[in-house]
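Colleague: Residue numbers (our numbering), protein chains in the order written: chain A, 14 to 541; chain B, 3 to 648; chain C, 2 to 101; chain D, 1069 to 1555.
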């Protein structure tokens, strides 16, 4: 591993943080805007370095950095990249420059602090994605939360305070439980293995070795924290409030990446650490996910507020992702469903992000989100209409867009595991088309009712700049998914085939001879 | 070669959509026609090479599409006897309609969007036909659904058109739901989705146990569900009549010739599965016959010219599904061929009448047009004769072939034939009624349209001429052995398509009836009966509508009034769907959101918050400031703790 | 010889009297006096214990306790006087403004 | 056993040098009150700085670890660390007060002398293991604090607070003495180590439990744990802000220094009930403190209740202590350090926001603070996040270690209550942030602009950065340092 690879991740994490301090302190706004955008672009280019140097065949952790942080407690700064989080990192570094671009002519005051908060948010997201140490993960998990709190709180809509307080308290209460469960796991590992360590690799060995006492409760604590974040069905009521009150930028990043933390957490922590509990609770979680899909779709259909509708549609889409990550066939997870879940995470981020951007654009023009204020915009804003239709099609999951590949794989995998659940979930495909097309119908088609709509101006050059990449990428992910699937296939296959005794080692580092290698059937890992 | 066929329409769509200057209608039209013409030319070349090469299927692999776990879905195209044939139909008729559309859309401000969607549609249809695995076919399947949605809602400023487009897309989506379930089951049973592999697995395995057969029945039922959605069969037939909201060339191309036949094409492509599920075939047959009858009855009372044609399409599709149901897939494809020609002719003819009448579509305001629109009248006459099965034209051969094969179907064959024959009677009635109401009888035009009546331009009737010739000539591809017409070999198409069908030896005997020898007497008798029915239906229609005096434009006289009321409301199917599916969903959604989301979950959480605030309010009220109160509190606490300690 | 437990019980009784005095009386002066009573109860225990154990430590402790009691009384009275001089009352129910 | 008088060894003078220096300086400042120097608060400020400097020098360089005067003065690395903490925070607070509106009120010679004597009492208490000197140290500091609360800025509230604090405080002192008396009666000696050995070996008797419980209750009173907590809101609200800050930080350090020593030995000898009672008190104070703070309108009163809650969190670590394992003690000290640093930051900012004649700041006065004074608002936000225990700050790691200690002993119930309490606490801490950032600015304006001078801004910035650094970069270092303390 040459020298750049050894520090690339820390660079990606802390460059935005550094940039946010600089931006906050810079006197002139114009310079601050350029610095912020340049920093986020640099982070994106650095993450592209990750993309090109990532070895898709190996199952191990790559670009690993391990520094002792609190040696006395066994807590270390351990970060790494593997198939599961590579795409999510790229998604977050890809979205942030677009976000900064979208607030280029931000009229409200506090423009600099908004940009600084976005950069801190990016640092938190990437940190949480690459952290392989429970404590480090938890710290970045909350660091991610605070800028979001301020973004919704300061630049939000009318009753933003209720929304943002509910958002923070809901998430923190869940994650505190997770912390307690992590500590219990940490101590159990200390007794079993003799040395105390919070690094995930050791905890995996512990989980692989055998049943952890009180495993159900620990799993439920982890599940609760991630279920609130996902949001799984009964815990979702904070999402519509957060989305309607958040500014466009907030909604995009919230839907784009923050919601994926929940599902990513499920894959990284909950499933490999507590396999027996997963086997026990998978059916009920699947049931919740299916209810979430149908519930989200139906409630989205009756909404009058565009943002609330897209929020509920996210509840429905992420129900699919949870479905995909817990489809158990025999004693293994279904590899197709898992690949589909990881893939759906990415293109849900893109399509919903695009939808929120577009809703934000018409909000800037008409300062209203209600459907009743719009109608017949296709006449006046044809290119906006085109973008909106493509984004809608991707979120419906029309073949030729990324949504279809993800949804199809998930449903295919879940069908092998639980046919009835899969059939109910596939009905979500119809409901999805129902509410998304009604959304288009109310905004784009039909006669122009309001005179104000008549002289709406179509997309400006800047708006093109930050919406087209999203749209093009969604279509690209639908037509050539192989480019992305090849990167995640081996890691996902590894997790799917032996999630009961899952282990992960650092690439290039041969595990100590004494470290008994639990039985792994490599056949499941498909060489591309 | 294959690349040109596929990519030229796509290129046309992209160029029209983004690159070409918007205002220039002529360039948009030219580009559209050119793209499809190129594709049609290369299709012809391919067909010619294919025939020369002995008609062996060839698979061309392009690139790896999806690969996850054990699933491997490559982008592969297959050119075999079936797809080569349909390739010709789609691109051929598509080109003719593109030429016609230029003239039809003359008054529109910009037509770039129209031709972009049309080209995109052709590309998606070609993808559907050439796909070698179920998933790629599904991509084409939904792609055509999307294009039909966009084209139906082309004049979106009129709310009804947009709703019609949405209705079409949603009903198709229901069909796709069944199709998806079918795909999942196939993957679970066979582990692959590619047609060639499926065919190999099915033919290689000696016999199938009960479980697989039961699975196969379920799979075929789901695929048939998908076909129903796309080909507007009974449960999901509500969207086609409303799809007439789109421009007429769209109705001609999509809702007559190409897209709606996708369902039949899929069933033919998977015939080796359908043969293994006799129960499904029974269902398919009866749904087909039922839809044919159902649509024909409604068509008889429609006054809008395009709606009559729409219901007649649903009815003809019913025939094709009936043909597939009785195992006569080749007859089904033959009817697809003939129907594509004469239905496109009828639609375009109706289109030119509508253009001539300045977008008037109600037949009650027409009449006596044969003098002022002689060419359209002549062409429409040929079309009507072809569709009602006038001996010698295309419809006669293809429809009789289906009725004959239905008659031979063991078990309920005779009843199927009876339904089919009665529908043929109705078909001839409403088609001749259409002709009579528009062209013959007294002219009911209001003064303004009467004066400006003008014949369509040459660009519009040129393709019609070709279609007319086709609807006469195509019939001779499937001449029954009985009528030995000199110089024409009987059953050309059937022998051409024969290698596609593979009946598994386990079900060999159930499907043996088609090949068995039958005395020609019965076949001749049935043919005679259908000819008689045709003349009977047309004479009734002529008698009641073509007479010079005022024809009866209102509901039927006394005995039939209630029946007329039932039929004109389309058996209240739309209202039933709205009441039992659409509005309950809305109510559930409303309930879930207003009550469950806001009242229960939020109520619970806010309640929790407020109780805690309540407790703190009460506690702070209790904590009055006096020192003594604090001292008492301390002592009480101390005593309580001491109690624990001692 | 009276067993030392009796002294402890006596001290406990004295202590409870002091506590009751603290709680019941409305008047600040009496409150201060009851505190003095409690401290003397403690002295009793120390002397009894020192007498029983035979070491002098307890008695040394008593000296410190007495001095501290005096300091507290002094500071307490100082505050009461300044309260009286400023607000003319030393009843404890006057001291209710800081509550909740 | 008559102890003959032996001349004190020279090492005693070296060990006791910080105390001697501090008392001499305090006396000097007291005497300076007579001269006309007293009017000039600036030179009193200089004198205080000298006093603090000298004592700090004494503590750092001159003190030798060892046991003197029959355990009356025990100097161990732990006691040195605690004294450094006390001196450090007291000094910073004095400097901050000098630059705030309270300069005139506080920097009168007798109050400053009193302030130094209170500090002296705390240092004596924290570095002795003999009942007598413990009691003397405690009383010097307590009585000194009663007067400081009452007389720093004489208002109706400060007098009321002072009197309440005095009455309840002396009641607690009586309790403490009662406890000491019984412990002395049972174990026969006033030296802590001897007593602890006697308790460990002897069988539990009624008087022993009574004595130990009274002692713990009295110390619980000082920490403001639940049954004995009601004095602190009134005293905190009544007193001037710098005294309130001094109380929250230094009193806790003092009390915890003793509890760390004795709880290690006493807990298993008095059987499991002890852990149970402390657990009960900690749960009650966590819940009570947080719930009561929800609807407070005055900031100081809200911070008083939040300090009750934080005592509750610390009491968790106290509950799980046992002689063998020093981790709970280290966790407690880390929590104490992070709590003290955050309190310094928060109270420093409140100090600089206050008006001369206006009464305590209400929460709605802070509306829209971020628009006018962004850096003050940012500091207060960091403080609130640390109190709430959100990660990038020191507060989170404090809570994390305390949870660690509790889970190690398997006290899941305790930890769950702590989780519920900290979620409730999140609400009112973030309410403050909401006021500052998410509301339009109200009429409130900072009265004395002189806080803009460099020194207080430097201190506040240092505290803020310290809180953030302690949460991210420094923990490894600090834990190693604490590890050193316990040998």
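Ideal Cβ placement from N, Cα and C applies to all residues, glycine included. Values in this document were obtained by computation on a predicted structure and should not be read as measured data.
Ignore the nearest five residues each way along the sequence and tell me which others in residue 1225 of chain D's own chain have a CB closer than 6 Å to its CB.
Modeller: Within the fourth chain, numbered from 1, the residue matching residue 1225 of chain D stands at position 157. For residue 1225 of chain D, where only same-chain residues beyond five positions count, the Cβ hits under 6 Å are 1306.
Colleague: Which chain C residues are close to residue 1224 of chain D, counting only those with a beta carbon under 8 Å from its beta carbon?
Modeller: As a working note, residue 1224 of chain D is residue 156 in the fourth chain. Going along chain C in sequence order, the residues near residue 1224 of chain D (Cβ under 8 Å) are 87, 88 and 98.
Colleague: Could you tell me the alpha carbon to alpha carbon distance between residue 425 of chain B and residue 275 of chain B, rounded to whole angstroms?
Modeller: By 1-based counting over the second chain, the position of residue 425 of chain B is 423. By 1-based counting over the second chain, the position of residue 275 of chain B is 273. Taking the straight line from one Cα to the other gives about 29 Å.
Colleague: Residues bridged to residue 330 of chain A by DSSP?
Modeller: Indexing the first chain from 1 puts residue 330 of chain A at position 317. DSSP output for residue 330 of chain A lists no bridge partner at all.
Colleague: Between which two residues does the beta strand (DSSP E) harbouring residue 75 of chain B extend?
Modeller: By one-based count along the second chain, residue 75 of chain B stands at place 73. Element bounds for residue 75 of chain B: 73-81.
Colleague: Spatial neighbours of residue 107 of chain A within its chain, please: C-beta separation below 7 Å, excluding the five flanking residues on both sides.
Modeller: Mapped onto the first chain, residue 107 of chain A falls at position 94. So the list reads 57, once near-sequence residues are dropped.
Colleague: Taking the C-alpha atoms as reference points, what is the distance between residue 1137 of chain D and residue 1205 of chain D?
Modeller: Indexing the fourth chain from 1 puts residue 1137 of chain D at position 69. Indexing the fourth chain from 1 puts residue 1205 of chain D at position 137. Rounded to the nearest angstrom, the two C-alpha atoms are 15 Å apart.
Colleague: Mapping DSSP to helix, strand and coil, what is residue 302 of chain A?
Modeller: As a position in the first chain, residue 302 of chain A is number 289, starting the count at 1. It is helical.
Colleague: Might you give, ordered along the chain, the residues of its own chain that have their beta carbon closer than 8 Å to the beta carbon of residue 132 of chain A, omitting 5 neighbours on each side?
Modeller: Here residue 132 of chain A is taken as the residue at index 119 of the first chain, counted from 1. These residues qualify, in order along the chain: 29, 30, 32, 33, 36, 49, 52, 53 and 109.
Colleague: Distance, Cα to Cα, residue 493 of chain B vs residue 480 of chain B?
Modeller: Start at 1 with the first residue of the second chain, and residue 493 of chain B comes out as number 491. Start at 1 with the first residue of the second chain, and residue 480 of chain B comes out as number 478. When rounded, the distance between both Cα atoms is 4 Å.
Colleague: On the premise that residue 179 of chain B lies in contact with residue 442 of chain A, defined as a C-beta separation below 8 Å, what is that separation, rounded to the nearest angstrom?
Modeller: As a position in the first chain, residue 442 of chain A is number 429, starting the count at 1. As a position in the second chain, residue 179 of chain B is number 177, starting the count at 1. That belief holds up - the Cβ atoms of residue 442 of chain A and residue 179 of chain B are roughly 6 Å apart, short of 8 Å.
Colleague: Should residue 648 of chain B go down as buried or exposed, given a rule of 16 or more other Cβ atoms within 10 Å for buried?
Modeller: Numbered from 1 along the second chain, position 646 holds the residue referred to as residue 648 of chain B. When all chains shown are included, residue 648 of chain B counts as exposed.
Colleague: Could you name the residues of chain B that residue 226 of chain A contacts, counting a contact when the two beta carbons are closer than 8 Å?
Modeller: For the purposes of this step, residue 226 of chain A is taken as the residue at position 213 of the first chain. Near residue 226 of chain A there are no residues of chain B at all, since even the closest Cβ is about 30 Å away, more than 8 Å.
Colleague: Name the chain D residues that come within less than 7 Å of residue 83 of chain A, Cβ to Cβ?
Modeller: For the purposes of this step, residue 83 of chain A is identified with residue 70 of the first chain, where counting begins at 1. Going along chain D in sequence order, the residues near residue 83 of chain A (Cβ under 7 Å) are 1543, 1544 and 1547.
Colleague: Buried or exposed: which applies to residue 1281 of chain D, given that a residue is buried once 16 or more other Cβ atoms fall within 10 Å of its Cβ?
Modeller: As a working note, residue 1281 of chain D is residue 213 in the fourth chain. Per the 10 Å Cβ criterion, buried.
Colleague: Interface residues of chain C around residue 633 of chain B at Cβ under 8 Å?
Modeller: Counting from one through the second chain, the residue named residue 633 of chain B turns up at place 631. Chain C residues near residue 633 of chain B: 20, 23 and 24.
Colleague: Per the contact definition of three or more C-beta pairs closer than 8 Å, is the stretch 1348-1360 of chain D in contact with the stretch 1380-1392 of chain D?
Modeller: Because the criterion of three Cβ pairs below 8 Å is met, the stretch 1380-1392 of chain D and the stretch 1348-1360 of chain D touch.
Colleague: With 9 Å as the threshold, decide whether the Cβ of residue 77 of chain B is near any Cβ in chain D.
Modeller: For the purposes of this step, residue 77 of chain B is identified with residue 75 of the second chain, where counting begins at 1. No, its Cβ sits nowhere closer than 9 Å to a Cβ of chain D.
Colleague: Compute the Euclidean distance between the alpha carbons of residue 1356 of chain D and residue 336 of chain A, then round it to the nearest angstrom.
Modeller: As a position in the fourth chain, residue 1356 of chain D is number 288, starting the count at 1. As a position in the first chain, residue 336 of chain A is number 323, starting the count at 1. So the two alpha carbons sit approximately 42 Å from each other.
Colleague: Can you name the residues that DSSP bridges to residue 1 of chain B?
Modeller: Here chain B comprises residues numbered 3 to 648, so residue 1 of chain B is not present and cannot be evaluated.
Colleague: Quick one: using the 10 Å Cβ neighbour count with 16 as the cut-off for buried, is residue 84 of chain A buried or exposed?
Modeller: Taking the first chain and counting its residues from 1, the one referred to as residue 84 of chain A is at position 71. Burial call: exposed.
Colleague: Can you list, in chain order, the residues of its chain with a C-beta nearer than 7 Å to that of residue 177 of chain B? Leave out the 5 residues immediately preceding and following it.
Modeller: Within the second chain, residue 177 of chain B is the residue found at index 175, counting from 1. Closer than 7 Å at the Cβ level, and outside the excluded window around residue 177 of chain B, lie 227, 228, 230, 231, 232 and 238.
Colleague: Under a CB-based cut-off of 9 Å, is residue 533 of chain A close to chain B?
Modeller: As a working mapping, residue 533 of chain A is identified with position 520 in the first chain. A caution first: residue 533 of chain A carries a pLDDT of 44, below 50, which makes its placement in the model unreliable, though a value can still be read off. For residue 533 of chain A, the answer is no, since every Cβ of chain B falls outside 9 Å of its Cβ.
Colleague: Mind checking which residues open and close the beta strand (DSSP E) that includes residue 75 of chain A?
Modeller: Residue mapping note: residue 75 of chain A aligns to position 62 of the first chain, counting from 1. Element bounds for residue 75 of chain A: 75-83.
Colleague: Compare the Cα-Cα distances from residue 381 of chain B to each of B:207, B:583 and B:344 and report the closest residue.
Modeller: Your numbering for residue 381 of chain B matches position 379 in the second chain. Residue 381 of chain B has its Cα closest to that of B:344, out of B:207, B:583 and B:344.
Colleague: So, is the C-beta of residue 1295 of chain D closer than 9 Å to a C-beta in chain B?
Modeller: By 1-based counting over the fourth chain, the position of residue 1295 of chain D is 227. Yes, because at least one Cβ of chain B sits closer than 9 Å to the Cβ of residue 1295 of chain D.
Colleague: Leaving out five residues before and five after residue 74 of chain A in sequence, what residues of the same chain have Cβ atoms less than 8 Å from its Cβ?
Modeller: Numbered from its first residue, the first chain carries residue 74 of chain A at position 61. The residues are 93, 94, 95, 145, 214, 517, 518, 519 and 520.
Colleague: So, helix, strand or coil for residue 1323 of chain D, using DSSP?
Modeller: Numbered from 1 along the fourth chain, position 255 holds the residue referred to as residue 1323 of chain D. It is helical.
Colleague: Between residue 150 of chain A and residue 235 of chain A, is the Cβ-Cβ spacing less than 9 Å?
Modeller: By 1-based counting over the first chain, the position of residue 150 of chain A is 137. By 1-based counting over the first chain, the position of residue 235 of chain A is 222. Result no, Cβ atoms of residue 150 of chain A and residue 235 of chain A do not sit closer than 9 Å.
Colleague: Tell me whether residue 383 of chain A sits in a helix, a strand or coil according to DSSP, three-state version.
Modeller: Translated into positions along the first chain, residue 383 of chain A becomes position 370. Note: residue 383 of chain A maps to strand in three-state DSSP.
Colleague: Does the Cβ-Cβ distance between residue 389 of chain B and residue 355 of chain B come in under 9 Å?
Modeller: Position 387 of the second chain holds residue 389 of chain B. Position 353 of the second chain holds residue 355 of chain B. Contact: no.
Colleague: Inspect the beta-carbon positions of residue 198 of chain B and residue 134 of chain B and report whether they are closer than 9 Å.
Modeller: What you label residue 198 of chain B is simply residue 196 of the second chain in a count that begins at 1. What you label residue 134 of chain B is simply residue 132 of the second chain in a count that begins at 1. Yes, the Cβ-Cβ distance between residue 198 of chain B and residue 134 of chain B is below 9 Å.
Colleague: On the criterion of 16 or more Cβ atoms from any shown chain inside 10 Å, does residue 1413 of chain D qualify as buried, or is it exposed?
Modeller: One-based indexing of the fourth chain puts residue 1413 of chain D at position 345. Buried, because 16 or more other Cβ atoms sit within 10 Å of the Cβ of residue 1413 of chain D.
Colleague: At a Cβ cut of 7 Å, what residues of the stretch 249-279 of chain A count as close to chain B, listed as they run along the chain?
Modeller: Here the close residues are 250.
Colleague: So which residues on chain D does residue 607 of chain B lean against when the C-beta distance must stay under 7 Å?
Modeller: The residue you call residue 607 of chain B lines up with position 605 of the second chain. Correct list: empty, because the minimum Cβ distance to chain D is about 12 Å.
Colleague: Determine the burial state of residue 502 of chain A: buried for a count of at least 16 other Cβ atoms within 10 Å of its Cβ, exposed for fewer.
Modeller: Residue 502 of chain A sits at position 489 when you count from the first residue of the first chain. Flag for residue 502 of chain A reads buried.
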